[in-house]
């Protein structure tokens, strides 16, 4: 059974998700509704698609995943003007949270997810496709303060044209979070010499008996790669598209619902 309670104000809306939803729900943030507060009630199971591309300068999303609740969220930013986006997530005991950010416009976007309950999970995936003169400052923090937490941060991006991308990723395991398993991976593919990318992974572990790691890489397409495609009759424009789809597409395959996966694949090209 699917139940939902929602209230609205002049700047935002509050939503409580209860029961188990059969399909995903789509929510659009706008200049008038630039703040969103979501509570996934105890034992609930839901999937949400949140999109915003309005001219508002600031968007705020707060999510509380109560004990044993399951929530999957796809968040897409594709605005034409630069915006500040802040997301804060808390995960209770046995709660499971998964976030996929899809960034397709200039922004300062910061995500903080805190697993404060034993056995909670927080997985953050981030896809960035920088084109033209896009400028992005992105930050993802996965914080664990209770025992036996699980969660990864995986960032994959493509930089074209005069794009400038800065990625801060961090995993923070507190002194009471023994038994936690958490990892951080950042990978950016640079297609043009004019694009600028900086990745800064961070790992802060303050206890023993954990499994944690971090890695970062920036790679470029070599002329030999494009020559390989050209020798098989594939033009450079098509070859670049194939590189992008192959590099970013794998992150969409593990999404929890076919409907959300389809939206995330098609929306950046609208």
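Numbering (my numbering), first residue to last: 8 to 277.
C-beta: ideal position from N, C-alpha, C; glycine also.
None of these values were measured; they are calculated from a predicted model.
- Inter-residue distance for residue 89 and residue 66 is about 11 Å (C-alpha atoms, whole angstroms).
- Taking 8 Å as the cut-off, the beta carbon of residue 73 is found closer than this to the beta carbon of residue 49.
- Under the DSSP assignment, residue 243 falls in the alpha helix (DSSP H) whose first and last residues are 243-256.
- With respect to the 8 Å criterion, residue 106 and residue 131 are classified as neighbours on the basis of their beta carbons.
- Spanning the alpha carbons of residue 143 and residue 252 requires a straight line of approximately 20 Å.
- Ranking 101, 169, 156, 119 by CA distance to the CA of residue 218 puts 156 first.
- Given a length threshold of 3 residues, each whole run of the beta strand (DSSP E) inside the region 55-80 is given here in chain order: 65-72.
- Taking C-alpha positions only, residue 56 is separated from residue 174 by approximately 23 Å.
- Here residue 85 carries a coil assignment [DSSP, helix/strand/coil].
- Rounded to whole angstroms, the separation of the alpha carbons of residue 93 and residue 154 is 26 Å.
- By the criterion of a C-beta distance shorter than 8 Å, residue 220 is surrounded in its chain by 190, 191, 210, once the five residues flanking it on both sides are discounted.
- Contact check for residue 214 against residue 168 fails: the beta carbons are separated by 8 Å or more.
- For residue 205, the uninterrupted beta strand (DSSP E) run begins and ends at 203-212, by DSSP.
- With respect to residue 43, residue 81 sits apart: the two C-beta atoms are not nearer than 8 Å.
- Rounded to whole angstroms, the separation of the alpha carbons of residue 186 and residue 79 is 24 Å.
- Rounded to whole angstroms, the gap between the alpha carbons of residue 126 and residue 47 is 17 Å.
- Comparing C-alpha distances from residue 97 to each of 118, 70, 115 shows the shortest one belongs to 70.
- Here residue 103 carries a strand assignment [DSSP, helix/strand/coil].
- Counting along the chain, residue 31 sits inside no beta strand (DSSP E), nor does DSSP assign it H or E at all.
- Assignment of beta-bridge partners to residue 116 by DSSP yields 92, 145.
- Contact annotation: residue 112 and residue 85 have beta-carbon atoms nearer than 8 Å.
- Annotation: residue 19 to residue 239 spans about 53 Å, alpha carbon to alpha carbon.
- Judged by DSSP secondary structure, residue 218 falls within the beta strand (DSSP E) whose first and last residues are 218-227.
- Within the DSSP bridge table, the entry for residue 189 names 158, 219 as partners.
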